[in-house]
Amino acid sequence: MSRYVKIGLIQATHDVSGEEPVQVHIDHAVQKHIKLVEEAASKGAKIICLQEVFTTPYFCTEQNEKWYAAAEPIPDGPTTQTFMELAKRLGVVIVLPIYEKAAEGVYYNTAAVIDADGSYLGKYRKNHIPHVQAGENLNNGFWEKYYFKPGNLGYPVFDTTYGKVGVYICYDRHFPEGARLLALNGAEIVFNPSATVAGLSEYLWKLEQPAHAVANGIYFGAINRVGYEQPWNLGEFYGQSYLVDPRGNFVAMGSRDKTEVVIGEMDRHLIAEVRDQWQFFRDRRPETYQDMVKLLP
């Protein structure tokens with residue numbers, strides 16, 4: 001396995017109005033992101049991650065059963081199948097965050113992981129589900145519990161052709177426990193595809209994930225969409241997708257306001273070097289943390 005691996009992070013505007021039929025959104029987003037994945041691969045990226053629920057706008061700002069139609073089975077749904085074929089053609093690993101239909105009326109916020117030979121390795125289901133009003137208007141919030149069941153697959157790590165990959169999704173990043181479990185399970189890089197807006201979380205964007213990277217001696221790839229989405233105008237999705245290394249250094253960062261492919265490089269040897277220097281895993285005291293899972297607020 002190569003020491004150096006180029007990482008591609010895709011941030012994009014979703015420029016179809018939420019008032020359009022669901023299938024219009026899916027078709028537009030799939031075609032747009034196929035081209036972006038191809039661009040990332042042409043720039044040498046071997047592991048590529050898209051943004052949270054990439055086939056649609058961030059519809060969770062309203063509670064409307066229309067959006068249940070956007071959910072698809074994984075891996076048998078058309079979007080996963082399309083990107084499995086794309087991964088095989090390009091020889092890249094793809095982390096594919098989509099709205100999953102597990103059964104009638106059972107939906108998850110999920111990311112499928114596809115290996116470079118086009119095979120489906122598995123999926124991560126978002127564990128922490130927010131339900132937060134972001135302003136006075138009821139159509140101005142993160143009403144995710146209306147759409148998503150909490151994940152039930154734990155914190156899996158996927159042994160891909162180019163490295164060991166873990167996934168967190170958006171709101172998960174506010175919880176350090178899962179990031180630690182991903183690292184303990186062997187992740188070299190964790191991706192966090194997100195949909196987050198200015199005025200609510202931006203001040204945390206460049207704090208939390210570098211802290212996870214340092215505390216666990218891993219790389220973190222943070223992805224955020226860009227622009228304003230109609231008709232809700234929840235706020236500005238401020239982009240600034242980035243790759244951060246185990247020392248907390250920003251390896252690559254995207255712009256605030258445009259669709260683009262962000263390319264950074266992971267140095268697998270740096271993970272071992274940093275862990276040998278800091279020895280956080282050696283000095284852990286899990287036997288002293290038992291109250292963490294016993295105490296309630």
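Going by the UniProt record's numbering, the first residue of the sequence shown is number 1, and it counts up by one from there.
Using N, Cα and C, we set each Cβ at its ideal position, and we do this for glycine too.
Quick check on residue 128: does DSSP put it in helix, strand or coil? Here residue 128 carries a coil assignment [DSSP, helix/strand/coil].
Residue range of the beta strand (DSSP E) that includes residue 157: Per DSSP, residue 157 belongs to the beta strand (DSSP E) from 157-160.
For residue 286, which of helix, strand or coil comes out of DSSP? The answer is helix: DSSP assigns residue 286 an H, G or I state.
Cα-Cα, which of 64, 34, 121 is closest to residue 141? When each option's Cα is compared against that of residue 141, the closest is 64.
Could you give the distance in angstroms between the alpha-carbon of residue 245 and the alpha-carbon of residue 295? Whole-angstrom Cα-Cα distance: 33 Å.
Taking the straight line between their C-alpha atoms, what separation do you get for residue 146 and residue 3? Distance from the CA of residue 146 to the CA of residue 3, rounded to the nearest whole angstrom, comes to 43 Å.
How about residue 185 and residue 173: are their beta carbons less than 8 Å apart? No, Cβ-Cβ distance for residue 185 and residue 173 is not below 8 Å.
When the Cα of residue 215 is compared with those of 106, 31, 180, 92, which residue comes out closest? Of the listed residues, the one whose Cα sits closest to residue 215 is 180.
Compare the Cα-Cα distances from residue 228 to each of 85, 37, 59, 68 and report the closest residue. It is 59.
Could you tell me the boundaries of the beta strand (DSSP E) in which residue 194 lies? In the DSSP annotation of this structure, the continuous segment of the beta strand (DSSP E) that includes residue 194 starts and ends at 189-194.
Short of 7 Å in beta carbon distance, which residues of its chain neighbour residue 281, apart from the five on each side in sequence? Order them along the chain. These residues qualify, in order along the chain: 275.
With a threshold of 16 other CB atoms inside 10 Å of the CB of residue 17, please say whether the residue is buried or exposed. Looking at its Cβ environment, which holds fewer than 16 other Cβ atoms inside 10 Å, residue 17 is exposed.
Give the single residue among 88, 40, 71 whose Cα lies nearest to the Cα of residue 103. Residue 71 is the option with its Cα nearest to residue 103.
Roughly how many angstroms separate the alpha carbons of residue 162 and residue 69, rounded to a whole number? When rounded, the distance between both Cα atoms is 34 Å.
Cβ-Cβ separation, residue 8 to residue 45 (assumed contact under 8 Å), whole Å: Between residue 45 and residue 8 a beta carbon distance of about 3 Å is seen, short of the 8 Å cut, so the two are scored as contacting.
Between which two residues does the beta strand (DSSP E) harbouring residue 11 extend? Going by DSSP, residue 11 is part of the beta strand (DSSP E) stretching over 4-11.
Can you give the Cα-Cα distance for residue 56 and residue 22, rounded to whole angstroms? Using only the alpha carbons, I get a separation of about 8 Å.
Spell out the partners DSSP gives residue 263 in its beta bridges. Beta-bridge pairing links residue 263 to 8.
Answer yes if the region 190-208 comes into contact with the region 165-172, meaning at least three C-beta pairs across the two stretches below 8 Å, and no otherwise. Contact holds between the region 165-172 and the region 190-208, because three or more Cβ pairs, one in each stretch, are under 8 Å apart.
For residue 260, which of 233, 287, 50, 25 has the nearest alpha-carbon? Of 233, 287, 50, 25, the residue nearest in Cα terms is 50.
Once DSSP output is grouped into helix, strand and coil, what is the label at residue 216? Helix at residue 216.
From 242, 144, 125, 132, residue whose alpha carbon lies closest to that of residue 213: The shortest Cα separation from residue 213 among 242, 144, 125, 132 belongs to 242.
Residue 112 and residue 156 closer than 8 Å at C-beta: Annotated as distal: residue 112 and residue 156, with beta-carbon spacing of 8 Å or more.
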